[in-house]
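Chemist: Residues 0 to 56, numbered by the working numbering, are exactly what the sequence shown covers, in order. Glycine included, each C-beta is placed from N, C-alpha and C at the ideal position. This is the structure, below, for whatever I ask next.
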Amino acid sequence: RVIAEKRATITCAPGAKQLPSRMDGVSFAGDYTDPQYPPTLEAAVRSGIRAAQAING
0 RVIAEKRATI
10 TCAPGAKQLP
20 SRMDGVSFAG
30 DYTDPQYPPT
40 LEAAVRSGIR
50 AAQAING
């Protein structure tokens with residue numbers, strides 16, 4: 000049995016103010032830095048991998 004919670008993630012409104020996700024010498028990670036996904040664990044993991052790759056080259 001699969002249970003889907005329709006209110007599990009927030010709705011992102013077009014034109015909403017976005018937090019910074021890049022700065023010279025600093026790597027940010029978090030769900031808010033991945034624009035392809037809503038704020039979910041998947042977005043957080045993708046952004047963490049991307050930040051780690053940026054640090055490690």
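With a CB to CB cut of under 7 Å and the five nearest residues on each side skipped, what residues in its chain are close to Gly-29?
Modeler: Ala-43, Ser-46.
Chemist: Could you work out which residue in Ser-26, Arg-0, Val-1, Pro-37 is closest to Thr-8 when comparing CA atoms only?
Modeler: Measuring from the Cα of Thr-8, the nearest candidate turns out to be Pro-37.
Chemist: What does a CB cutoff of less than 7 Å around Ala-50 pick up in its chain, not counting 5 residues either side in sequence?
Modeler: So the qualifying residues of the chain are Ser-26, Phe-27, Ala-28.
Chemist: Taking the alpha carbon of Arg-21 as the reference point, which residue from Tyr-31, Pro-13, Ala-12, Gly-14 has its own alpha carbon closest?
Modeler: Residue Tyr-31 is the option with its Cα nearest to Arg-21.
Chemist: Can you tell me which of the three DSSP states Arg-49 falls into?
Modeler: DSSP places Arg-49 in helix when its eight states are reduced to three.
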